[in-house]
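Trainee: Numbering (UniProt numbering), first residue to last: 1 to 398.
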C-alpha cells in the first residue's frame, strides 16, 4: 500500500441541531424535502459516469438509492448451473461489483480480484488487506474499505493502486457522489474528497449506523439510535428526522429511497415507509419475529426477509402484504430484485422466487453447505454469490 494520505485526520464540523416531533401513535417528519431533487437521479442506477444500461451492478444495493433492483437483467428463472467458480485463499465475505464484463471481488486472503464475467479467468489481482465491505465502482475506479480503516482506490483496468486515505474508523460501504465519497463509520458520517487526503466528519454521535446511506439528489438518508434522518449534503444541515415511536433502533439495516418515500427496517420487528413530501409515516409493517432485513424496492413492491424465515412482498402504497415465502431458515441479507425474480440467500442456499406469485423458481446450495456471506448480485443475466467455502459463484440458466 502506498503512503499517500496516511496518518491524517479529517476536520470536524459542528454537530447540528436535530428537529422532529412525535405524536401519540403517529410519527411526524419535521422539515422539508426538495421535490425536484430526484429528477437528476431518475436513473440513479448510474454511479457518476458508470452506466447500468447493460445490466451492471456497481455497488451495494445496486445504486445510490439502495433499491436492490436490477432493471436491465433478469438472471436465471428456471434451472440453474454454475458458469464458473473462483477459488480464493480464504472466504469471500462480501458481494462483488460487476461493470463492463468484469467482476470485482474482495477476498479475505487480502486480495482484490478482477475476473472475466464470461470465463471466470482472473484479469488482475491486487493485495489490499482485509476488505470490510463490498467494492464500489465509479469513474473507472474501484473503491474498497479495509478492516484497518483505510479507504482505497484502484484502477479498474489494471488494478493500479491510485489512492488511499487512512480514516482510523471501522468503515461501512462507500458511496461516491460527484467528487466526494460518503462513508458511515463508527457512528459518524464522513465525506472524503476523491483522490486526496482531505476528509470531513459531517455528523457524529450517531450511535450505530447502517451499512450504507441512501442518496437521492442532495439528500442523504440514514439512521441513528432511534431515528431515521435526512441530511442535506449541499447545505450541511439535517433537514428532518423520524423518531421511532417504539424507541427501538433504526440503524440495523440500510434505508432505501424510491420516488418520494423512504423505506427502513427498525429493530422493533417492523419495516417503515415514510412520505418525504408530506412529512409523515405512510405505513408500518410488523413481522412476527426479529428484525427484518434491509428492504429492496421495485415496481410498486417492497421486499425484505426476516429472522422468522419468511421473505415478504408488501405493496409500497398500502403497506399490505402481497405474499410471503417460507425459506425455512433465518433470512439476514438484503434481497435482490429483477422484473421477474427476487433472489435471497438463506444460510447455504440461494432462492429464486417469482416476484408476482411468491412461488419458488429454483434454489442452489453451495458446495459443502457453506454459508453465503452477503446479498446476491445480478448482472448480465448471471447471479453472483460469495461464500465461506472460499468460493465466488457465477450462476446462469441451465
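Idealized CB from N, CA, C, for every residue including glycine.
Being a predicted model, the structure only gives us computed values, none of them experimental.
1) Roughly how many angstroms separate the alpha carbons of residue 70 and residue 339, rounded to a whole number?
2) What's the call for residue 386, buried or exposed, on a 16-neighbour Cβ count within 10 Å?
3) Could you tell me which residues DSSP pairs with residue 157 in its beta bridges?
4) Got a sec? Which residues, its chain only, sit under 7 Å from residue 276 by beta carbon, not counting five neighbours each side?
5) Kindly indicate which residue of 218, 147, 114 and 284 has the alpha-carbon position closest to the one of residue 242.
6) Note down the Cα distance separating residue 76 from residue 58, rounded to an integer number of angstroms.
7) Taking 6 Å as the limit between beta carbons, can you name the residues of its chain near residue 147, skipping five residues before and five after?
8) Got a sec? Which residues, its chain only, sit under 6 Å from residue 153 by beta carbon, not counting five neighbours each side?
9) Between the region 321–328 and the region 266–280, are three or more C-beta pairs nearer than 8 Å?
10) Span of the beta strand (DSSP E) holding residue 91?
11) Is the separation between the beta-carbon of residue 265 and that of residue 271 shorter than 8 Å?
12) Roughly how many angstroms separate the alpha carbons of residue 139 and residue 194, rounded to a whole number?
13) In this structure, what does DSSP give as the bridge partners for residue 189?
14) For residue 392, collect the residues of the same chain with a Cβ closer than 6 Å to its Cβ; drop the 5 residues on either side in sequence, then sort them by chain order.
15) To the nearest angstrom, how far is it from the Cα of residue 309 to the Cα of residue 332?
16) Establish whether the CB of residue 234 and some CB of chain E are separated by less than 8 Å.
17) Going by DSSP, what residue range makes up the beta strand (DSSP E) through residue 296?
18) Leaving out five residues before and five after residue 84 in sequence, what residues of the same chain have Cβ atoms less than 6 Å from its Cβ?
19) Taking Cβ to Cβ, would you say residue 55 is nearer than 8 Å to residue 334?
20) Relative to the C-alpha of residue 202, which candidate in 103, 238, 117 and 379 has its C-alpha closest?
21) What does DSSP give as the partner residues of residue 375 in its beta bridges?
22) In the structure shown, what three-state DSSP assignment does residue 150 receive?
23) Rounded to whole angstroms, what is the Cα-Cα separation between residue 171 and residue 137?
24) Once DSSP output is grouped into helix, strand and coil, what is the label at residue 368?
25) Can you find the residues in the same chain that come closer than 7 Å, C-beta to C-beta, to residue 24, ignoring five residues on each side of it along the sequence?
26) With a cut-off of 8 Å on the beta carbons, I'd call residue 370 and residue 336 a contact; round off their distance for me.
27) Using only alpha-carbon positions, find the residue among 66, 213, 98 and 307 that is nearest to residue 382.
28) Under 8 Å between the Cβ atoms of residue 311 and residue 342?
29) Within its chain, find whatever has a CB closer than 6 Å to the CB of residue 150; leave out the 5 residues flanking it on each side and keep chain order.
30) Based on Cα-Cα distance, which residue from 124, 286, 367 and 103 lies nearest to residue 378?
31) Please look up how many angstroms separate the CB atoms of residue 362 and residue 330, rounded, as I've assumed it's under 8 Å.
32) Which of helix, strand or coil does DSSP assign to residue 268?
Mentor: Checking against the coordinates, here is how it stands:
1) If you draw a straight line from the Cα of residue 70 to the Cα of residue 339, it comes to about 8 Å.
2) Buried, because 16 or more other Cβ atoms sit within 10 Å of the Cβ of residue 386.
3) Looking at the DSSP output, residue 157 bridges to nothing.
4) Here the set comprises 33, 260, 261 and 262.
5) Ranked by Cα distance from residue 242, the options 218, 147, 114 and 284 are led by 284.
6) C-alpha of residue 76 to C-alpha of residue 58: approximately 20 Å in a straight line.
7) Closer than 6 Å at the Cβ level, and outside the excluded window around residue 147, lie 130 and 132.
8) For residue 153, where only same-chain residues beyond five positions count, the Cβ hits under 6 Å are 141, 143, 162 and 163.
9) Counting C-beta pairs with one atom in each stretch, the region 321–328 and the region 266–280 have fewer than three that are closer than 8 Å, which means they do not touch.
10) It is not in any beta strand (DSSP E) - residue 91 carries neither H nor E in the DSSP assignment.
11) The criterion of a C-beta distance shorter than 8 Å is satisfied by residue 265 and residue 271.
12) Cα to Cα, the separation comes out at about 11 Å.
13) Under DSSP, residue 189 takes part in a beta bridge, and its partners are 184 and 203.
14) 86, 92, 105 and 386.
15) One C-alpha to the other measures close to 9 Å.
16) In the structure shown, chain E cannot be found, because there is only a single protein chain.
17) Unbroken beta strand (DSSP E) run through residue 296: 296–298.
18) Excluding sequence neighbours, residue 84 sits near 120 and 394.
19) With contacts defined by Cβ atoms closer than 8 Å, residue 55 and residue 334 do not form a contacting pair.
20) Nearest to residue 202 by C-alpha distance, out of 103, 238, 117 and 379, is 238.
21) BP columns for residue 375 are empty, so no partner.
22) Assignment of residue 150 by DSSP, reduced to helix, strand and coil, places it in the strand class.
23) The straight-line gap from Cα to Cα measures roughly 17 Å.
24) If DSSP states are grouped into helix, strand and coil, residue 368 belongs with the helices.
25) A caution first: residue 24 carries a pLDDT of 29, below 50, which makes its placement in the model too unreliable to give a value.
26) So it is not a contact: roughly 19 Å between Cβ atoms.
27) The residue with the shortest Cα to Cα distance from residue 382 is 98.
28) With contacts defined as CB atoms closer than 8 Å, residue 311 and residue 342 qualify as a contacting pair.
29) The residues 164 and 166, in chain order, have a CB closer than 6 Å to that of residue 150 in the same chain once the five nearest residues on each side in sequence are set aside.
30) When each option's Cα is compared against that of residue 378, the closest is 103.
31) With a contact defined as Cβ atoms closer than 8 Å, residue 362 and residue 330 miss out at about 20 Å.
32) Secondary structure of residue 268 (DSSP, three-state): coil.
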